[in-house]
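Position in the sequence shown (first residue = 1) + 45 = this note's numbering.
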Amino acid sequence: MDKVLIRGLRVDTVIGIYEWEKQLHQQLQIDLDIGWDNRAAAEHDDYSKALCYDTVSKRVVALITAAPIELIETVAEKVAACILNEFQAPWVRVRIMKPGAVAIADNVGVEIERSR
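And the structure:
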């Protein structure tokens, strides 16, 4: 299966379970692997048949910043559902990283795969 890749999407949002986290914005880093048949777009060099990286990226940012969320697991599920349902992708892998969440680690995160 072909994939569309979006790497290092940065989203500043209110995320966390602690009261102090609910008072500030923190950055999430997002990687997406989206199952997408690229043949039709490539065969005719036709943008209208491609998955628009910019549209997907902006939609993911809007989804995550719409309201505070406590868990990165929730973020991952919401992003996966959005891509599957709104963009009709057959499969998606979502990685959400939260740098600085654990003092002795550079990054912590979750990765999920979902399909329709």
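Just so you know, even glycine gets a beta-carbon here, dropped at the ideal spot from N, CA and C.
Note that the structure is a prediction, hence the values are computed from the model and not measured.
Straight-line measurement puts the Cα of residue 91 at about 30 Å from the Cα of residue 121.
Listed as beta-bridge partners of residue 158 by DSSP are 138. Judged by their CB atoms, residue 127 and residue 104 are nearer to each other than the 8 Å cut-off. Straight-line spacing of the CA atoms in residue 106 and residue 88 works out to 31 Å. If the five residues before and after residue 156 are omitted, its C-beta is found closer than 6 Å to the C-beta atoms of 140, all from its own chain and listed in chain order.
Closest option to residue 136, judged by alpha-carbon separation, among 69, 58, 95 and 81: 81. Under the three-state reduction of DSSP output, residue 48 falls in the strand class. Counting every other CB atom within 10 Å of its CB across the protein chains shown gives residue 50 a total below 16, marking it as exposed. As far as DSSP is concerned, residue 133 takes part in no beta bridge. Residue 55 and residue 69 have their C-alpha atoms spaced approximately 16 Å apart.
Counting of Cβ neighbours within 10 angstroms places residue 124 among the buried residues, the total reaching 16 or more.
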